[in-house]
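Top to bottom, those sequences are chains A and B. Each residue of the first sequence is one higher than the one before, counting from 9 in our numbering. Each residue of the second sequence is one higher than the one before, counting from 2 in our numbering. C-beta atoms are modelled at their ideal positions from N, C-alpha and C, and glycine is treated no differently. Some notes on the structure that comes next.
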Amino acid sequence: MKFTSRPPAAKVLSVRDLRKHYGDLVAVDGISFEVSPREIVGLLGPNGAGKTTTLDMILGVLELTSGEISVEGIDIGMHRSRALERTNFAAVYTPLPGNLTVYQNLKVFGLIYGVKDLSRRIEDVIKQFELEAFRDVKCGVLSSGEQTRAGLAKAMINRPDLLLLDEPTASLDPAIAVDIRAKIREFALSGSGGVLWTSHNMYEVEDICDRVLFLSHGKILLEGDPKTLPSEYGKENLEELFIQVAREPLTIREIGTS
Amino acid sequence: MKCRRIFAVVLRQFYLIRGSFSRVVPLFAWVTIDVVLWGFITKYLNSVTASGFNFVPVLLGAVLFWDFFIRVMQGVTMAFFEDVWSRNFLNFFATPLSVSEYVGGLVLSSIATSSIGLLVMLIMAVIVFGLSFFGFGLLLVPFLFVLFLFGIALGILASAMVLRLGPSAEWFVWPIPALISPFAGVFYPLSTLPHWMQYISSLLPPAYVFENMRAIVLGKAASGSDLLVAVCLAALYILISGRLFVRTYRHAVRTGLLARYSAESVS
Numbered sequence: 009m010k011f012t013s014r015p016p017a018a019k020v021l022s023v024r025d026l027r028k029h030y031g032d033l034v035a036v037d038g039i040s041f042e043v044s045p046r047e048i049v050g051l052l053g054p055n056g057a058g059k060t061t062t063l064d065m066i067l068g069v070l071e072l073t074s075g076e077i078s079v080e081g082i083d084i085g086m087h088r089s090r091a092l093e094r095t096n097f098a099a100v101y102t103p104l105p106g107n108l109t110v111y112q113n114l115k116v117f118g119l120i121y122g123v124k125d126l127s128r129r130i131e132d133v134i135k136q137f138e139l140e141a142f143r144d145v146k147c148g149v150l151s152s153g154e155q156t157r158a159g160l161a162k163a164m165i166n167r168p169d170l171l172l173l174d175e176p177t178a179s180l181d182p183a184i185a186v187d188i189r190a191k192i193r194e195f196a197l198s199g200s201g202g203v204l205w206t207s208h209n210m211y212e213v214e215d216i217c218d219r220v221l222f223l224s225h226g227k228i229l230l231e232g233d234p235k236t237l238p239s240e241y242g243k244e245n246l247e248e249l250f251i252q253v254a255r256e257p258l259t260i261r262e263i264g265t266s
Numbered sequence: 002m003k004c005r006r007i008f009a010v011v012l013r014q015f016y017l018i019r020g021s022f023s024r025v026v027p028l029f030a031w032v033t034i035d036v037v038l039w040g041f042i043t044k045y046l047n048s049v050t051a052s053g054f055n056f057v058p059v060l061l062g063a064v065l066f067w068d069f070f071i072r073v074m075q076g077v078t079m080a081f082f083e084d085v086w087s088r089n090f091l092n093f094f095a096t097p098l099s100v101s102e103y104v105g106g107l108v109l110s111s112i113a114t115s116s117i118g119l120l121v122m123l124i125m126a127v128i129v130f131g132l133s134f135f136g137f138g139l140l141l142v143p144f145l146f147v148l149f150l151f152g153i154a155l156g157i158l159a160s161a162m163v164l165r166l167g168p169s170a171e172w173f174v175w176p177i178p179a180l181i182s183p184f185a186g187v188f189y190p191l192s193t194l195p196h197w198m199q200y201i202s203s204l205l206p207p208a209y210v211f212e213n214m215r216a217i218v219l220g221k222a223a224s225g226s227d228l229l230v231a232v233c234l235a236a237l238y239i240l241i242s243g244r245l246f247v248r249t250y251r252h253a254v255r256t257g258l259l260a261r262y263s264a265e266s267v268s
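So, in C-alpha cells, the structure goes:
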C-alpha cells in the first residue's frame with residue numbers, strides 16, 4: 009500500500025467522544041480533548057477516574073467502546089502501527105524488561121520503532137539521560153530513579169510526536185524529579201512533540217503543564233491553565249482544587265455551570 | 002509486516018540467551034541426556050535379543066525426532082514466557098509491533114534454538130551410538146518438516162492458552178508433549194493401540210512420521226500420501242493456532258487483560 013505525504017496535523021493528539029464500558033461499569037464516559045505541538049497537557053483525577061484507561065486506549069492496548077483517537081491525524085483504530093510509530097510512553101508501572109541491559113532494551117525498541125541511525129540515537133539518549141555508567145547494566149538491578157531515566161530514554165528513542173507519561177516521577181526523590189521534569193520540558197520545547205502527562209503531584213503539574221484536564225468518574229470536569237484554574241474556583245492552589253474534585257465533583261459542576 | 006520488528010523480537014531472545022548460562026544449558030542438556038539414556042538402552046536391547054533386529058534406528062531415531070518436536074514447541078513457548086515473566090506485554094504491544102510480527106519473531110526464535118538442539122542430538126547419536134540417517138534418505142527432510150510445523154502449531158496454541166488464562170496456566174503447557182506421545186506412536190506401531198486411540202492418532206501429524214519411520218527401518222516403503230496428509234494437517238493446525246492466538250489477543254485488548262496482565266488480573 010502506498011501512502012501519500014500528508015500535511016502536518018494541527019494537533020498531535022485528537023480524542024473525540026471516547027468511551028470505555030466494562031459491562032455496566034463506565035470507565036471513560038465520552039471525553040474529547042486535544043494536545044497541540046509543544047504543549048504539555050496534564051490529565052488529572054483521583055484513583056479510578058479513568059486516566060490510565062484513557063492512556064491505554066491511546067496506546068492501542070485497550071479497545072475503545074466508541075469514539076475516535078488520532079495521532080498526527082492518523083486514526084489509531086484504522087492504522088494502529090502507523091499511529092504508534094509516532095507515539096511513545098513511559099509509565100511507573102511498566103519498567104523496561106529487567107533481564108536486558110539499558111543498551112539492549114534501547115536497541116530492541118529502537119528497531120521496533122524504526123529509528124534511523126539507531127546506534128547514534130542510542131548514544132544520544134544514553135547521554136541525555138546520564139545513563140553512560142549503566143549502558144551495559146541490566147535494567148532490573150537499577151535503582152528506581154535509574155529505571156525511570158532508562159524508561160524515558162526508551163520513550164524518546166523515536167523522537168515521538170506524542171509522548172504519554174503515566175506518573176513518570178512517582179518513585180523519584182525531589183532532586184531527580186526536578187531533573188526529569190526539565191528534560192521533558194526540553195523535549196516539548198525543542199521539537200514539535202506534545203506530551204500528555206498524568207500525575208498526583210499537583211506542585212509538579214502546576215510547574216510543568218500548559219493545560220490540565222480534571223477527570224472524575226470518566227468525564228472531564230474541568231479544563232484550563234493550572235496556574236489560574238484554582239482561583240477561578242475559589243481555591244488557593246491546584247491541590248485544594250484536586251481534593252474538591254475528588255470528594256465533591258458535583259459542586260464543581262455546579263460552580264462551572266453557574 | 003515489517004522484518005525489522007520481527008528481527009527485534011528475535012534479537013531480544015538472542016540477548017537473553019547469550020547473557021544467561023541457565024538459558025543456554027537447556028538448549029542441549031535434556032536432549033543430550035535423552036540420547037545418552039536411550040542410546041545405552043538400545044545397545045543393551047541389541048545385545049540381549051537374538052533376533053538381530055537393530056533397535057538403534059527405531060528407538061534412538063524415535064527419541065531424536067520426538068525431542069526435536071518438543072524443542073520446537075518449547076522454543077515458541079519459552080520465548081513467549083520470557084515476556085510473561087518480565088511483564089513485557091505492555092511495553093511490546095503499546096508499540097507499532099503487530100501480533101503477527103510478534104508471533105513471527107517467536108517462530109524464528111524457535112527455529113534458531115531448536116536447530117541447536119537438533120545439531121547436538123545428531124552429533125551425539127551418529128558419533129557415539131552409530132545411528133545412521135542414510136537409511137531414511139531424503140525422507141528425513143519431510144519427517145523433520147512435519148514435526149517442525151506441528152511443534153510450531155502447538156507452541157502457538159500453548160502461548161494463546163497462557164495469554165488467555167494467565168501466567169499460572171504455564172503449568173498446563175509442560176505436559177502437552179507427554180499427553181500426545183501415547184497417541185503419536187513414538188515407540189510402537191499404531192496398530193498396538195485400541196481403535197478409539199487410533200482415531201485420535203490419525204489426527205496427529207507425528208503419528209504419520211513415526212509410522213513411516215518404522216516402515217523404512219523394517220525395509221518397507223514409506224507412504225507418500227501419508228506424509229502429504231501429515232504436512233496438510235500440520236499446516237492446518239498452524240493456521241488454526243495462529244487464528245486462535247490473534248483472537249485471544251483481541252479478547253485481551255477488548256477486556257483490558259493485556260494492559261493489566263498478571264496472575265491476579267487474569268485468573
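Per DSSP, the beta bridge partners of phenylalanine 41(A) are Val23(A). Interface flag for isoleucine 120(A) against chain B is set, since a Cβ pair is found closer than 7 Å. In the three-state reduction of the DSSP assignment, serine 78(A) falls in the strand class.
Cβ-Cβ distances below 6 Å link glutamate 247(A) to Met210 in the same chain, with the five nearest sequence neighbours on each side left out; the list follows chain order. Around the beta carbon of lysine 221(B), a 10 Å sphere encloses fewer than 16 other beta carbons of the protein chains shown; the residue is thus reported as exposed.
At a cut-off of 7 Å between beta carbons, alanine 95(B) contacts chain A.
The three-state reading of DSSP puts alanine 223(B) in coil, since its state is none of H, G, I, E or B. In the DSSP secondary-structure assignment, tryptophan 197(B) is not bridged to any residue. Contact of aspartate 83(A) with chain B is not assigned, every C-beta pair being separated by 7 Å or more. Three or more pairs of CB atoms, one per stretch, sit closer than 8 Å, so the region 68 to 86 of chain B contacts the region 144 to 162 of chain B. For a Cβ distance threshold of 7 Å, residue set Tyr16 of chain B lies close to glutamine 112(A), ordered along the chain. Cβ neighbours of proline 234(A) within its own chain (closer than 6 Å, five residues either side excluded): Val213, Glu214, Cys217, Val220, Leu246.
Bounds of the beta strand (DSSP E) holding isoleucine 48(A) are 48 to 52. Around the beta carbon of threonine 50(B), fewer than 16 other beta carbons lie within 10 angstroms, which makes this residue exposed.
DSSP places threonine 177(A) in the coil class of the three-state scheme, outside both helix and strand.
Relative to valine 11(B), the option among Lys115(A), Leu197(A), Glu76(A), Val69(A) whose CA is nearest is Lys115(A).
Take proline 143(B), set aside five residues on each side of it, and the residues of its chain with a beta-carbon closer than 6 Å to its own are Leu228, in chain order. For valine 254(B), the chain A residues whose Cβ falls inside 7 Å of its Cβ are Val69, Leu70, Glu71, in order along the chain.
One finds nothing in chain A with a Cβ atom closer than 9 Å to the Cβ of glycine 105(B); even the nearest lies about 13 Å away. Think of a sphere of 7 Å around the beta carbon of valine 116(A): the chain B residues whose beta carbon falls inside it are Ala9, Leu12, Arg13, in chain order.
Beta-carbon to beta-carbon, isoleucine 157(B) and valine 104(B) are separated by about 6 Å, close enough to satisfy the 8 Å threshold. A distance below 6 Å between beta-carbons, with the five flanking residues on each side excluded, links serine 115(B) to the following residues of its chain, in chain order: Arg72, Val73, Gly76.
For the pair glycine 75(A) and arginine 27(A), the Cα-to-Cα distance works out to about 6 Å. Chain B places a beta carbon closer than 7 Å to that of leucine 108(A), counting this residue as a contact.
Contact of glycine 257(B) with chain A by beta-carbon distance below 9 Å involves Lys28, Tyr30, Ala35, Thr61, Asp64, Val69, Leu70, Glu71. Relative to the Cα of phenylalanine 250(A), the nearest Cα in the group Ile228(A), Glu138(A), Lys227(A), Phe222(A) belongs to Phe222(A).
DSSP, reduced to helix, strand and coil, places alanine 99(A) within a strand of the structure shown. With a threshold of 7 Å between beta carbons, proline 105(A) makes contact with chain B. In the three-state DSSP reduction, lysine 235(A) falls in the coil class, being neither helix nor strand. With at least 16 other beta carbons inside 10 angstroms of its own, aspartate 174(A) counts as buried. At least one beta carbon of chain B lies nearer than 7 Å to the beta carbon of glutamate 93(A). Partner residues in the beta bridge of glycine 202(A), as assigned by DSSP, are Leu170(A). In this structure, leucine 140(B) and isoleucine 201(B) do not form a Cβ contact; the two beta carbons are roughly 24 Å apart against a cut-off of 8 Å.
Per the coordinates, the alpha-carbon of valine 147(B) lies some 35 Å from the alpha-carbon of arginine 255(B).
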